[in-house]
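Residue numbers (the working numbering), protein chains in the order written: chain A, 1 to 332; chain B, 1001 to 1276; chain C, 2001 to 2288.
For each residue, glycine too, the CB sits at the ideal point set by N, CA and C.
Data first, discussion second: the structure below is written as structure tokens.
Given below as structure tokens:
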């Protein structure tokens, strides 16, 4: 249970093809992250799976059953919204019990289940409060609790952490990952933050303008991006992409080298002048204007004390240069 | 502005504003006071402001002689009935426009608002004929229908704006939680929209209560509400200021009180969102 | 949000409201247009036959027509001016810090909620009456002869009553608009050295212009068809017959339905013109 298959799924709004056609299989128990820039269609795809939008073509199957025309209520999926979408006029307990009430569950049983979910999420002290009286993180947990009690085939998360501050975000990220480990249910998670994607996912789906650019594990995407889009999207700071003569030297139209794969050397390599330097203590980020290859971003060790105006030599680490053809696709 | 303002400035503002406010409110105040005077006191010169023999005789005379209660009851039924009927028809319409908008939604909404701009006098005679034909002349039912029709645009409009303020995601969450359309409206939408629905009802009761065209022209003795009742004082015999004041006070008091609570709704309902 | 299921449901739910309003708009309207093209005199037995454009011509050539237009314009324009100018000033005042602002608002809003019949009668008898009215008392107190307001100054009387009723509306709307003006804008201007009058002229007034336009259009639509205030005071005498009242009299009192209906058609066209402007603003807002 929890295997979701998409065949040729299309979505258009009026004349615009937001999603031209997607084939995707999500295995039972996987933590899949849809990631991509704003407007790439990741939220739309999630909503199509949820049933909140009709497909313009193609099929969606859940555990082998065709769900393309089923309304959301019948798909046995649970969704956690970006704004949490809690019912403001109901207490936390009533919020969590609502899906069970809709399923016609007897009240005693429903209360037991709601209390059990609340315990897992540390909400037991807040059961009688209304959402307006809760903090962001607590509301987040109520939203998750409401999803858990349904024992769905899969959980759908729509950018759930964007409304939280940085510290809380790190905490909740870990809580959600731990939840996945204990429940082992399929989870589909949408985010524009590639750090969330890399840290949480079993499988990442990179989307761009409605198309899947690449599907793979985080490390696959990091080490072997199939095109310049994925190469530039995964990894922070972004991979340096260099064209022109330097790329031709390696037999490619474009070459890429990640900032963390450049070494600061005494001589040779690419010579340049430091424009910006950011010292974080643990790392130093340099923006270097080189003579031959344009502006390069470098991540160096924290002990590097180069400043604006200093001359520097950069050498790419062997085997870490990615080669891309004229069409942007990676060359073997 | 976080800067403190001098007490003198604040005092000046207060005095000026209160002064103007009292001038504007004065006719109403005077009417209320006069309702407690004897007829002689009512026209006395120099005019008596607070120091006269307060009496309730005007109220009892108005009540007895003209069966004021019947007119009051007519107003209540007509204003309440037309508003309630309007709300029942408007809620589904506003729901669909707010949550399932189509490319026609905006045009339909604007068309509805434009029907309110129809000058009543332009369709007076046809309505008169229709009412006679259907036996609705001088009936409360007839008036409930007409007032419902003229206020329906505003009711739909106001409910639409209140519904739009409900985050769509909450309704989607209900759908994901397995709620049918009926359950969604009953358990999630309506409780959240109750303040908005209440405000809409409030403003429209006020508008229907005060309506002074159809209520004057389509009623006679049986279904006349307070607007027509007061109009009957336009050709009185003898001294009548105090009685007029008493009748007027009774007619406008409920609405004045309701009006004080509905200022925000007034802006929302009558400017059609063009002012926020 | 819109799926197949919800779309059909939506269309059904809109139907009652749309059908009712469609009926309300079309049926009487079509009848009025029908009557306007016929010689319809109920007192002489009813429909006397096709009248072509006679009624339309007779309505505008009747001796009462242009005076009615003049009366309407006088009342509407003066009331608009008074309510909006005073409304702006009052709204500016109410926005300032003071004690008891809530109570002042209540005092200022009250006239709008008084029903027009009450309003008309109260003003006519208790204030403007030349024998027993308050204004007369005040005049006598100062030794001058009281003015026969209704008879000698009928327009002033009506404009006074209408303005008294509608100024609260203008004030409330404009106050809402003023309070929505971002105070940071004004503070930035102050830091740039702009004096209060300039801040008003260049920042507040343009921001208010949208609200003023809306107030103007809405008041115009409603003032074009004021009825009870006139009926209760002058009953159209002394030259105060507005277009609406003229039509009303033609239809109900002098029983020339064809003529009255033609007038009605004119009134509807006029109202529609004003409404178009208003709807354009509303439409722009609906897009946001």
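- Interface annotation, residue 1030 of chain B: in contact with chain C, CB-CB separation under 9 Å.
- In the structure shown, the three-state DSSP call for residue 1006 of chain B is coil.
- Taking the Cβ atoms as the reference, residue 2017 of chain C lies roughly 6 Å from residue 1090 of chain B, within the contact range of under 8 Å.
- Between residue 2114 of chain C and residue 1210 of chain B, the CB-CB gap stays under 9 Å.
- Contact of residue 1063 of chain B with chain C is not assigned, every C-beta pair being separated by 9 Å or more.
- Measuring C-alpha to C-alpha distances from residue 2230 of chain C to each of C/2066, C/2249, C/2255 and C/2148 identifies C/2249 as the nearest.
- Judged by pairs of C-beta atoms under 8 Å, the segment 2263-2283 of chain C does not touch the segment 1132-1142 of chain B, as fewer than three such pairs exist.
- The alpha helix (DSSP H) runs lying completely inside the segment 2098-2124 of chain C and spanning 4 residues or more are 2101-2109 and 2116-2122, given in chain order.
- The segment 2234-2241 of chain C makes contact with the segment 2146-2156 of chain C; the number of CB pairs closer than 8 Å reaches 3 or more.
- Judged by their CB atoms, residue 4 of chain A and residue 210 of chain A are not nearer to each other than the 9 Å cut-off.
- Look at residue 1246 of chain B here: in three-state DSSP terms it is helix.
- Using a C-beta cut-off of 8 Å, the segment 1196-1212 of chain B makes contact with the segment 1072-1085 of chain B, since at least three inter-stretch Cβ pairs fall below that distance.
- If you ignore the 5 residues before and after residue 252 of chain A, its C-beta comes within less than 8 Å of the C-beta of 323, 324, 325 and 331, all in its own chain and listed in chain order.
- For residue 2153 of chain C, the three-state secondary structure derived from DSSP is coil.
- The DSSP-derived three-state label of residue 13 of chain A is strand.
- With respect to the 9 Å criterion, residue 2216 of chain C and residue 2080 of chain C are classified as neighbours on the basis of their beta carbons.
- Residues of the segment 1183-1206 of chain B with a C-beta less than 7 Å from any C-beta of chain A: 1183, 1188, 1191 and 1192, listed in chain order.
- In terms of Cα proximity to residue 2126 of chain C, the closest of B/1180, B/1026 and B/1252 is B/1026.
- The Cβ neighbour count for residue 327 of chain A, taken over all protein chains shown within 10 Å, is under 16; the residue is labelled exposed.
- Put simply, the CB of residue 1209 of chain B is near chain C, with a gap under 9 Å to one of its CB atoms.
- Check the Cα spacing between residue 1039 of chain B and each of B/1056, B/1224, B/1195 and B/1157: the tightest is with B/1056.
- For the alpha helix (DSSP H) assignment, the uninterrupted runs of no fewer than 4 residues enclosed by the segment 123-158 of chain A are, from N- to C-terminal side, 136-148.
- If you check the CB distance, residue 172 of chain A and residue 183 of chain A do not come in under 9 Å.
- With contacts defined as CB atoms closer than 9 Å, residue 2134 of chain C and residue 1030 of chain B qualify as a contacting pair.
- Along the segment 2084-2104 of chain C, going in chain order, the ones with a CB nearer than 8 Å to a CB of chain B are 2090, 2093, 2094, 2096, 2097, 2098, 2099, 2100, 2101, 2103 and 2104.
- Taking a C-beta distance under 9 Å as the contact criterion, residue 64 of chain A and residue 10 of chain A do not qualify as a contact pair.
- For residue 1102 of chain B, the nearest beta carbon of chain A is not closer than 9 Å to its own beta carbon.
- Counting only Cβ-Cβ distances below 9 Å, residue 2032 of chain C has contacts in chain B at 1122, 1123, 1124, 1125 and 1126, in chain order.
- With contacts defined by Cβ atoms closer than 9 Å, residue 2075 of chain C and residue 2191 of chain C do not form a contacting pair.
- Counting along the chain, residue 219 of chain A sits inside the alpha helix (DSSP H) bounded by residues 218-223.
- Only residues of its own chain outside the window of five on either side were considered, and among them 1071, 1072, 1075 and 1251 have a CB closer than 7 Å to the CB of residue 1226 of chain B, listed in chain order.
- For residue 2232 of chain C, the chain B residues whose Cβ falls inside 7 Å of its Cβ are 1231 and 1234, in order along the chain.
- Annotation: residue 279 of chain A is outside any alpha helix (DSSP H); the continuous beta strand (DSSP E) that includes it extends over 270-279.
- In the DSSP assignment, residue 215 of chain A forms a beta bridge with A/205.
- Residue range 295-301 is occupied by the beta strand (DSSP E) that includes residue 295 of chain A.
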